[in-house]
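Undergrad: To start, I am sharing the structure in question, which I have written as structure tokens.
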Amino acid sequence: MYSQIAANKRKTVIIMALFVLVAGGLAWLFTKMFNSPPSVFYGVLIGSAIYALISYLSSSRVALAVSGAAEIEQKNNPRLWRIVENLAITDGLPMPRVFIIEDPAPNAFATGRNPKNAAVCATTGLLDMMTDTELQGVFAHEMGHVKNYDIRVSMVAFALVAVIGLLADIMLRLTWFRDNDDNNSNQVFFIIGIVAAILAPLIAVIIQLAISRQREYLADATGALTTRYPQGLESALAKIGQAGSTMQKQNTATAHLFFANPLKKHSLAGLFSTHPPIKDRITRLKQMETAA
């Protein structure tokens, strides 16, 4: 299990570095396209960083709001509260805020910038379907996201996707106001820049998906390590695989946060799944169980 966690952490660092390179490369092409001085490059980077920071700071509240999550206290659902509280104590983490979404699909997610301001959320469908052991497995996974700072990585990835999308949109819009001079030595950069502006958002989404998939495997491994009972998480995944996890309220911007893919599989967004196949997750858990 420890080797699986270490491997996924290394892969995520590499993927996040690619994210930064894409954003930086887009800013550099921006200056070349419009024959701008180097100061513009730094200005674009600073502006992008500010926009990313704003997105990062607000994304957790937005994720809870768009999902229709309602915060609860212990008296509202003692069963869920007790399971989350016990896992927080086991992991040595602060007690997160607890939310419930009125939705028949079995699903859950964790969000926040760090363990001190983390929040975990379950759907009513998950609470109705799972046994205590299975529910413990699901929330050991979600608390694994908190423990591994996956919630922060997810927020950063969300912010970087927003920045890359904004830069690409600005580049494409400004092309209408550029003096199209065939003798301009920057024509090559101009063409490359347009192509990059079209492809960059797609590349950013693909990188985000790769981060999300690796983090799901990592959280599965961490959750199994916490409970010392991978079978609980395996059983929960099997039930969700049979019942489906498609939510009534769907949002592609927050899909990567959930325990299982909340989007319709036949939709265009479903083609770029934020989650690895459930069968693969179960297989990896069984492999870790055998190796333990």
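Residue numbering for the sequence shown follows the working numbering, starting at 147 and increasing by one per position.
For glycine and all other residues, C-beta sits at the position ideal for the given N, C-alpha and C.
Just so it is clear, the structure is predicted and the values come from calculations on it, not from any experiment.
1. Output the boundary residues of the alpha helix (DSSP H) element that contains residue 225.
2. As an exercise, report each continuous alpha helix (DSSP H) stretch of at least 4 residues that is fully enclosed by the segment 276 to 362, in chain order.
3. Is the CB-CB distance between residue 343 and residue 318 below 7 Å?
4. Grouping DSSP H, G and I as helix and E and B as strand, with all else coil, what is residue 251?
5. Grouping DSSP H, G and I as helix and E and B as strand, with all else coil, what is residue 405?
6. Residue 288 to residue 279, Cα distance in whole Å?
7. From the DSSP output, which residues share a beta bridge with residue 380?
8. List the endpoints of the continuous alpha helix (DSSP H) containing residue 264.
9. Assign residue 407 to one of two classes, buried (16 or more other C-beta atoms within 10 Å of its C-beta) or exposed (fewer than that).
10. Taking the alpha carbon of residue 236 as the reference point, which residue from 260, 431, 368, 397 has its own alpha carbon closest?
11. Taking the beta strand (DSSP E) that residue 216 belongs to, which residues open and close that run?
12. Near residue 386, what residues of its chain come up, given a Cβ to Cβ distance below 6 Å and the 5 sequence neighbours on each side ignored?
13. Could you tell me the alpha carbon to alpha carbon distance between residue 275 and residue 310, rounded to whole angstroms?
14. Could you tell me whether the Cβ atoms of residue 190 and residue 180 are closer together than 7 Å?
15. Taking 7 Å as the limit between beta carbons, can you name the residues of its chain near residue 378, skipping five residues before and five after?
16. Could you check what DSSP says for residue 256 in three-state terms: helix, strand or coil?
17. Quick one: residues in its chain with C-beta nearer than 8 Å to the C-beta of residue 234, no 5 flanking neighbours on either side, listed in chain order?
18. Span of the alpha helix (DSSP H) holding residue 399?
19. Would residue 266 and residue 244 qualify as a contact pair, given that the criterion is a beta-carbon distance under 7 Å?
20. Out of curiosity, what's the CA-to-CA distance linking residue 218 and residue 246?
21. One question on the structure: do residue 201 and residue 308 come within less than 7 Å of each other, judged by their Cβ atoms?
22. Rounding to the nearest angstrom, what Cα-Cα distance links residue 168 and residue 355 in this structure?
23. Taking C-beta to C-beta, are residue 264 and residue 372 nearer than 7 Å?
24. Measuring CB to CB, does residue 365 end up less than 7 Å from residue 314?
TA: So, from the listed chains and residues:
1. 224 to 237
2. 278 to 293, 296 to 320
3. yes
4. coil
5. coil
6. 14 Å
7. According to DSSP, residue 380 bridges with nothing at all.
8. Taken as a continuous stretch (DSSP letters only), residue 264 belongs to no alpha helix (DSSP H), as it is neither H nor E.
9. buried
10. 368
11. 216 to 218
12. 252, 406
13. 40 Å
14. no
15. 279, 280, 282, 283
16. strand
17. 240, 241, 242, 289
18. It is not in any alpha helix (DSSP H) - residue 399 carries neither H nor E in the DSSP assignment.
19. yes
20. 7 Å
21. yes
22. 15 Å
23. no
24. no
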